[in-house]
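Notes to accompany the following structure.
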(Lines of atoms letter the chains of each structure in order from A and count residues from 1; the text may use other names and numbers.)
(Lines give C-alpha, C1' and ligand atoms only; values in the text may rest on other atoms or scores of the structure.)
Protein backbone atom coordinates (compact mmCIF):
# COMPACT_ATOMS: atom_id res chain seq x y z
CA UNK A 1 0.00 0.00 0.00
CA UNK A 2 1.25 3.50 -0.80
CA UNK A 3 1.98 6.22 1.69
CA UNK A 4 -0.31 9.16 2.33
CA UNK A 5 0.71 12.40 0.65
CA UNK A 6 -0.19 15.56 2.52
CA UNK A 7 0.06 19.06 1.12
CA UNK A 8 -1.43 22.42 1.87
CA UNK A 9 -4.15 23.96 -0.27
CA UNK A 10 -1.98 26.86 -1.44
CA UNK A 11 0.68 24.53 -2.83
CA UNK A 12 -1.91 22.34 -4.52
CA UNK A 13 -3.63 25.34 -6.14
CA UNK A 14 -0.34 26.82 -7.28
CA UNK A 15 0.67 23.53 -8.88
CA UNK A 16 -2.67 22.77 -10.57
CA UNK A 17 -3.97 26.25 -11.39
CA UNK A 18 -0.90 28.50 -11.35
CA UNK A 19 -2.71 30.92 -9.01
CA UNK A 20 -3.70 30.88 -5.35
CA UNK A 21 -6.87 32.42 -3.85
CA UNK A 22 -6.47 34.60 -0.77
CA UNK A 23 -8.78 32.37 1.26
CA UNK A 24 -10.22 28.88 1.21
CA UNK A 25 -13.51 27.68 2.65
CA UNK A 26 -13.00 24.20 4.04
CA UNK A 27 -10.70 23.34 1.16
CA UNK A 28 -13.11 24.86 -1.38
CA UNK A 29 -12.46 27.64 -3.85
CA UNK A 30 -15.18 30.18 -4.58
CA UNK A 31 -16.66 29.83 -8.06
CA UNK A 32 -16.50 33.62 -8.37
CA UNK A 33 -12.72 33.54 -7.77
CA UNK A 34 -12.32 31.01 -10.59
CA UNK A 35 -14.49 33.12 -12.89
CA UNK A 36 -12.64 36.34 -12.04
CA UNK A 37 -9.15 34.86 -12.38
CA UNK A 38 -9.68 32.71 -15.46
CA UNK A 39 -11.93 34.87 -17.64
CA UNK A 40 -10.52 34.83 -21.13
CA UNK A 41 -8.01 32.47 -22.62
CA UNK A 42 -5.28 34.38 -24.43
CA UNK A 43 -3.49 33.24 -27.58
CA UNK A 44 -0.14 33.93 -25.92
CA UNK A 45 -0.61 31.36 -23.13
CA UNK A 46 1.94 28.58 -22.97
CA UNK A 47 0.83 24.91 -22.94
CA UNK A 48 0.90 24.68 -19.12
CA UNK A 49 -1.27 27.79 -18.75
CA UNK A 50 -3.71 26.41 -21.33
CA UNK A 51 -3.94 23.21 -19.31
CA UNK A 52 -4.61 25.23 -16.13
CA UNK A 53 -7.38 27.21 -17.86
CA UNK A 54 -8.86 23.95 -19.14
CA UNK A 55 -8.89 22.48 -15.61
CA UNK A 56 -10.67 25.57 -14.28
CA UNK A 57 -13.20 25.42 -17.12
CA UNK A 58 -13.98 21.80 -16.27
CA UNK A 59 -14.32 22.64 -12.55
CA UNK A 60 -16.70 25.49 -13.39
CA UNK A 61 -18.76 23.18 -15.61
CA UNK A 62 -19.03 20.54 -12.92
CA UNK A 63 -19.90 22.99 -10.15
CA UNK A 64 -22.00 25.47 -12.07
CA UNK A 65 -23.82 23.32 -14.61
CA UNK A 66 -23.75 19.67 -13.60
CA UNK A 67 -23.98 20.14 -9.81
CA UNK A 68 -25.55 23.56 -9.12
CA UNK A 69 -26.28 24.65 -5.56
CA UNK A 70 -30.07 24.76 -5.38
CA UNK A 71 -30.19 25.90 -1.76
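In full-length UniProt numbering, the protein residues as written are 1 to 71.
Each residue gets a CB set at the ideal place from its N, CA and C atoms; glycine is no exception.
Computed from a predicted structure; not experimentally measured.
Pull up the DSSP beta-bridge partners for residue i, would you.
i	result
residue 38	In DSSP, residue 38 forms no bridge with anything.
residue 25	28
So residue i is in the alpha helix (DSSP H); what residue range does that whole segment cover?
i	result
residue 59	47 to 61
residue 17	9 to 17
How long is the line joining the alpha carbons of residue i and residue j, rounded to whole angstroms?
i	j	result
residue 23	residue 29	8 Å
residue 70	residue 60	16 Å
residue 15	residue 7	11 Å
residue 13	residue 52	10 Å
residue 48	residue 17	9 Å
residue 33	residue 44	22 Å
residue 57	residue 10	19 Å
residue 42	residue 55	15 Å
residue 31	residue 63	8 Å
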